[in-house]
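Asker: Residue numbers (the working numbering): 43 to 146. A virtual CB, placed ideally from N, CA and C, is assigned to each residue, including glycine. Note that the structure is a prediction, hence the values are computed from the model and not measured.
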Amino acid sequence: MRVLVVKFQIKPEFRDQFIAVGKLDADGSTNTEPGCRRFDFLEDEQNPNTFYFYEVYDDEDAFKAHQATPHFAKYRETLKQEWLAAPSSVARCVNIFPSDCEWK
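(1) Within 8 Å, do at least three Cβ pairs link the region 69-78 to the region 46-55?
(2) Specify, as a first and last residue, the run of the alpha helix (DSSP H) that Leu66 falls within.
(3) Using CA coordinates, which residue listed in Glu102, Lys106, Lys53, Tyr94 is at the minimum distance from Ala68?
(4) Among the candidates Pro90, Ala110, Phe83, Ala107, whose CA atom is the shortest distance from the CA of Glu97?
(5) Buried or exposed for Phe139, going by 16 or more other Cβ atoms inside 10 Å?
Below, the structure written as structure tokens:
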């Protein structure tokens with residue numbers, strides 16, 4: 043499995059725009075990509091302008107396929123650097139539990 047946790051800190055004035063484009067990417071990923079096992083779009087409970095993408099792909103090829111989709115291109119095109127209050131960060135993770143074969 044290829045697991046990513048992406049953190050975004052968004053300026054308050056761009057919150058609604060970010061949520062809209064984030065939903066578009068999450069929806070496209072979960073509904074059109076067979077190699078995308080999970081794409082959660084999360085808001086930090088204590089910091090309402092901090093968001094996370096929790097993404098799980100079958101493998102590196104599925105992740106690369108995700109990066110080649112029209113919805114990902116739209117997300118990259120729409121998300122502006124000036125929306126960010128701080129640089130985004132990406133944690134590339136190794137799945138421990140459930141085991142890879144248990145992902146539905």
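Answerer: Let me lay it out:
(1) no
(2) 57-74
(3) Tyr94
(4) Phe83
(5) exposed
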